[in-house]
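Novice:
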Amino acid sequence: MPARFIPASLLLFVFLIMAIILGSTAAIHTTLFCLLLMLLPITLQVFQWWPLRLLVPLLAYHAVVLSFPQLRRSYGGFQIGNIGKDVRPFILITIIGSTLALVGWHWIVKPDLGIYLRQVPDMPLVAIPLAGLGFAVLNAVMEEFAFRGIIMHGIRCAFDSFAIANFLQAVVFGFFHYLRGFPNGIIGAAMAFVYGILLGFIRGRSNGMLAPVFTHIFADLAIFSILMTFY
């Protein structure tokens, strides 16, 4: 994470202190996780790489929450929910749309895939499908628990507004993809923002995390397939 993001980390630290002083537990959850998400990759280079850049902040966040009774009592946002008939069409549209968008982004932008391919270990051909499924499931679970779980739940509790929570979590999701996400850059961040809005909508409509995680897995499978094409 470049040093130019240090001011943003300092601003988040100020917000965290204000949330603690004001006693807003919802704001504490959101700002604490966002601070860890931004600050940890600055401290150690290794935290910039998948899956550590998201896994470590998630583990650190839960360690802090479990250490304070007030934060433990206000911990939430991870209901399972359902994949009912009312949400399935939106899941299908999002899966098809995100897959086409990722393929189109790769075809039009022609990004340098080296930054991603360097993180792919050597593996026998028979292990590739299992590795792809493992990557898709782990990445989907981490990103959904981070953005549609911790961040979205905290903002929704703080503002008592689904629309504000969905918009702001999508903004953070887009920013997260700007440098090292797939897709990345300004176009990639904008695509991630739209995708985050759709996943947030699915999360709200399904009343839980199962539907957005399930939907997200297919986008990650598309990403893995694109990478393996050039592996």
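Quick note on this note's numbering: the sequence shown kicks off at 2 and runs consecutively. Note that beta-carbon positions come from the ideal geometry of N, C-alpha and C, so glycine has one too.
1. Any heavy atom of the ligand NAP closer than 7 Å to the CB of G150?
2. How many Å lie between V173 and F194 at the Cα?
3. Going by the beta-carbon positions, is the gap between T31 and G197 smaller than 8 Å?
4. Counting C-beta neighbours from all protein chains within 10 Å, is the total for W108 16 or more, i.e. buried, or is it exposed?
5. Note down the Cα distance separating D87 from A212, rounded to an integer number of angstroms.
6. Please state whether DSSP places M170 in a helix, a strand or coil.
7. What residue from G115, F219, S162, F48 has the CA that sits closest to N140's CA?
8. Between the C-alpha atoms of F146 and M124, what's the straight-line distance to the nearest angstrom?
9. Just to confirm, are N167 and F136 a CB contact at a threshold of 8 Å?
10. With C-beta atoms as the reference, is C158 less than 8 Å away from A20?
11. Mind the definition here: the region 184 to 194 touches the region 67 to 75 only if three or more C-beta pairs lie below 8 Å; say whether that holds.
12. If you count every other CB in all the chains shown that lies within 10 Å of the CB of R89, and 16 or more means buried, which is it?
13. Could you spell out the range, first to last residue, of the alpha helix (DSSP H) harbouring R54?
Specialist: This is what the structure gives:
1. This structure lacks the ligand NAP, and indeed carries no ligand of any kind.
2. Roughly 8 Å between the two C-alpha positions.
3. no
4. exposed
5. 12 Å
6. Note on identity: in this sequence residue 170 is Gln, with Met being the wrong assignment. The answer is helix: DSSP assigns Q170 an H, G or I state.
7. F219
8. 29 Å
9. no
10. no
11. Contact fails: fewer than three Cβ-Cβ distances are below 8 Å.
12. exposed
13. 53 to 68
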